[in-house]
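Numbering (my numbering), first residue to last: 1124 to 1455. In this text, a Cβ means the ideal position worked out from N, Cα and C, and glycines have one as well. All remarks here apply to the structure that follows.
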C-alpha cells in the first residue's frame, strides 16, 4: 500500500469524527437552550464518571453501586428521550451520528482496520491510479454510429447493425451494473471504438459512485512489475483485484513475458473467483489470442466473458482523411 494513500485515508476518517463531534455539539447547545430540563439532566449525567470512580476506590459493594448508577443513567436517558419527543425532536436527536457506527469513525474495530477504512483506502487507490492513466473518459452521446452506415467488411455484411447492438449492450450494461454483472471481452481492429465504449461505461459508473479502474494492460503490467521487483512503491495488483469494475484496454500490446502472462492470469482468475466484473479489449481476434496466451487464459476469456465483436473501418483514419481534405481545400 502507498503510505501516502494510507495517510490520506486516516486523515479523512479523522475529519469525519471531528465533523460528527462538531455537529453533535451544535445539537446539544441547541437543545440546552430550548429545553433547559435536559441541560440539568446532562449536568447530572456528567457527574456519573466521578461517582463510578468513587465507588471503585471505596472497595465496598462496588458492583452494587455501579449497577445502581447505571440504572439512574438509563432513567435519565429515558427522561431526555421523552422530553425530546414532547418538543417534536427524534428520541435519538442527541446521539452522535458517526459515518461508521461500527468503529465510531476511528478507522479501527477490535484492534483491526475497520471495513470503512479499507474501503476508503481502496477508493483513494483507485482515484490515484485513474489520475495517472492516459485514457480520458468518453460518453455514449459522442459515439457516432454514422461512421458505420453502409459499411461492410469481409467478416460482416452489416457493420452498422453490429455496432448499434454493441452500443445498446454497453448502455444497458452501464444502466444495470452491479458487482454481479457479466464480464465483457471486446475484440476488433484498431479505431472501431472499443476504448470509447469501455470508457463511456466507466464514466457512467464513476458518476454513480462505483470504483472503476481503467487503463491499458501494458501500463498496469509495467506498474505491477516495478512494484513487484521493488523499483517503486504501491500495491497496484491488490487494487486491481478488488475494484468494482476493472477495464483492461488493449490486451496484447504488452511484451510477451512470463511475468506478464502469469499476472494477467492472476488478475482474470482472481476477479472471476471474487465474482467481480472485468472488461477486456484487444485488437486481436479470438484465433490470434489462442497462440498468444496460455490455454487457461484463453478458455476463461472465451467461455466466461460476453464476447463483443467490433467491426467496420478505422474511424480515426476516416477522421484524419476528412481533416486532411479540409486542409487541402483551404489552400486551393
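Opposing strand residues paired with residue i [DSSP bridges]
i, result
"residue 1430", "1308"
"residue 1372", "1339"
"residue 1404", "1309"
"residue 1232", "1235"
Per-residue burial, residue i [other beta carbons within 10 Å of its own, 16 or more giving buried]
i, result
"residue 1269", "exposed"
"residue 1357", "buried"
"residue 1288", "exposed"
"residue 1145", "exposed"
"residue 1394", "buried"
"residue 1187", "exposed"
"residue 1365", "buried"
"residue 1297", "buried"
"residue 1422", "exposed"
"residue 1386", "buried"
"residue 1334", "buried"
"residue 1362", "buried"
"residue 1306", "buried"
"residue 1304", "buried"
Same chain, Cβ closer than 6 angstroms to residue i, neighbours up to 5 away in sequence not counted
i, result
"residue 1131", "1247"
"residue 1405", "1310, 1374 and 1375"
"residue 1147", "1219"
"residue 1377", "1340, 1341, 1344 and 1383"
"residue 1430", "1308"
Contacts around residue i, its chain only, beta-carbon distance under 7 angstroms, and the 5 residues preceding and following it disregarded
i, result
"residue 1440", "1314"
"residue 1271", "1282, 1283, 1286 and 1435"
"residue 1128", "1244, 1247, 1248 and 1251"
"residue 1425", "1409"
"residue 1355", "1349"
"residue 1359", "1252, 1343, 1346, 1347 and 1350"
Beta-carbon proximity list for residue i, same chain, < 8 angstroms, skipping 5 on both sides
i, result
"residue 1266", "1290, 1316, 1319, 1320 and 1323"
"residue 1302", "1367, 1398, 1399 and 1400"
"residue 1417", "1384 and 1388"
"residue 1281", "1275"
"residue 1331", "1300"
"residue 1231", "1237 and 1240"
"residue 1133", "1230 and 1240"
"residue 1437", "1312, 1313, 1314 and 1315"
"residue 1150", "1216 and 1217"
Validate contact between the region 1307 to 1315 and the region 1344 to 1363 using beta carbons, cut 8 angstroms, 3 pairs: Touching, no, given that fewer than three Cβ pairs across the two stretches are closer than 8 angstroms.
At least three beta-carbon pairs within less than 8 angstroms, the region 1124 to 1139 to the region 1162 to 1169: Cβ pair count under 8 angstroms is below three, so no.
Continuous beta strand (DSSP E) assignments of at least 3 residues falling wholly in the region 1331 to 1355: List check, beta strand (DSSP E) in window: 1335 to 1339.
Cβ contact (3+ pairs, closer than 8 angstroms) linking the region 1338 to 1347 and the region 1262 to 1279: Under the 8 angstroms Cβ criterion, the region 1338 to 1347 does not count as touching the region 1262 to 1279, having fewer than three qualifying pairs.
Meets three-Cβ-pair contact criterion under 8 angstroms: the region 1319 to 1330 and the region 1223 to 1242: Fewer than three beta-carbon pairs drawn from the region 1319 to 1330 and the region 1223 to 1242 are found closer than 8 angstroms, and the two stretches are therefore not classed as touching.
At least three beta-carbon pairs within less than 8 angstroms, the region 1213 to 1229 to the region 1144 to 1161: Contact between the region 1213 to 1229 and the region 1144 to 1161 is present, because at least three Cβ pairs lie under 8 angstroms.
Touch test, the region 1396 to 1404 against the region 1367 to 1387, Cβ-Cβ under 8 angstroms, three pairs minimum: Contact annotation: the region 1396 to 1404 touches the region 1367 to 1387, with at least three C-beta pairs closer than 8 angstroms.
Inter-stretch contact (C-beta, 8 angstroms, three-pair minimum) for the region 1203 to 1212 and the region 1324 to 1334: No contact exists between the region 1203 to 1212 and the region 1324 to 1334.
Stretch pair the region 1247 to 1264 + the region 1407 to 1421: three plus CB contacts closer than 8 angstroms: The answer is no - the region 1407 to 1421 does not touch the region 1247 to 1264, with fewer than three Cβ pairs under 8 angstroms.
Ranges of the alpha helix (DSSP H) found wholly within the region 1247 to 1307, counting only runs of at least 4: List check, alpha helix (DSSP H) in window: 1282 to 1298.
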